[in-house]
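Structure record follows, encoded as structure tokens.
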Amino acid sequence: MSDVIIDFDSGTQSLGSLQEAAYRLIGRATCQIDDLDGRYVCRLASCQPQLDGDELRTHFLNLVTDENLREKVRRETDRLRDVIVALAFGSLAEGT
Numbered sequence: 091m092s093d094v095i096i097d098f099d100s101g102t103q104s105l106g107s108l109q110e111a112a113y114r115l116i117g118r119a120t121c122q123i124d125d126l127d128g129r130y131v132c133r134l135a136s137c138q139p140q141l142d143g144d145e146l147r148t149h150f151l152n153l154v155t156d157e158n159l160r161e162k163v164r165r166e167t168d169r170l171r172d173v174i175v176a177l178a179f180g181s182l183a184e185g186t
């Protein structure tokens with residue numbers, strides 16, 4: 091199988107999400123990410139002969155979508171998480 095090439099606009103797609111998605115491919119495929127002229131170009135190569143290019147492309151895009159959502163939720167809940175941690179440590183300090 092030949093490599094699968096997927097490119098993303100670096101202005102709208104975070105490198106972190108691509109790296110996380112690439113990490114989750116370990117064992118199934120390799121992913122090389124290059125930053126070329128404002129684009130992230132991902133070159134995917136399957137490690138499993140039964141995994142065809144369309145399946146690999148779909149799986150990677152699903153992983154990227156999942157990582158984008160995780161990143162969005164993390165950004166949106168940062169303040170709430172900080173409040174919860176502060177309250178938890180505050181109650182621990184009062185108990186001593």
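Residue numbers (our numbering): 91 to 186.
In this text, a Cβ means the ideal position worked out from N, Cα and C, and glycines have one as well.
- Apart from sequence neighbours up to five positions away, the residues of its chain that approach Ala-112 with a beta-carbon distance below 6 Å are Cys-121, ordered along the chain.
- Spanning the alpha carbons of Arg-165 and Phe-179 requires a straight line of approximately 22 Å.
- Glu-161 is positioned such that its CB atom lies closer than 8 Å to that of Ser-107.
- Per DSSP, Leu-108 lies in no beta strand (DSSP E); the unbroken alpha helix (DSSP H) holding it starts and ends at 105-114.
- In the DSSP assignment, Arg-133 forms a beta bridge with Ile-95 and Gln-122.
- Between the C-alpha atoms of Leu-115 and Ala-135 there is a straight-line separation of about 10 Å.
- A direct Cα-Cα distance of roughly 14 Å separates Asp-172 from Val-163.
- Per the coordinates, the alpha-carbon of Cys-137 lies some 29 Å from the alpha-carbon of Thr-102.
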